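Student:
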């Protein structure tokens, strides 16, 4: 049985697939794209793990509660 992928390996595979799908076209706003695609589910799953408690979720993420709320608002999670 194979071991699960590390987070880094999973990201590398996803990026490889994404670059392949571009068929030679250069990517645009790549940092913003990756940040937005990763941050929203990260916030959602952390909040779920924290039972909806924003203070606990913020602590898990290493953010202040205010920063968490700003990020939640930016992703339409409030």
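Residue numbers (UniProt numbering): 1 to 78.
Positions of the beta carbon are idealized from the N, C-alpha and C atoms, including for glycine.
The model shown is predicted, which means the values in this text are computed figures rather than measured ones.
Three-state secondary structure (DSSP) at residue 1?
Tutor: Note: residue 1 maps to coil in three-state DSSP.
Student: I need the DSSP call for residue 31, collapsed to helix, strand or coil.
Tutor: In the structure shown, residue 31 sits in a helix (DSSP, three-state: H, G or I).
Student: Consult DSSP for residue 50 and reduce its assignment to one of helix, strand or coil.
Tutor: Coil.
Student: Select from 73, 15, 6, 72 the residue whose C-alpha is nearest the C-alpha of residue 31.
Tutor: The option with the nearest alpha carbon to residue 31 is 15.
Student: Roughly how many angstroms separate the alpha carbons of residue 27 and residue 8, rounded to a whole number?
Tutor: Cα-Cα distance, rounded: 20 Å.
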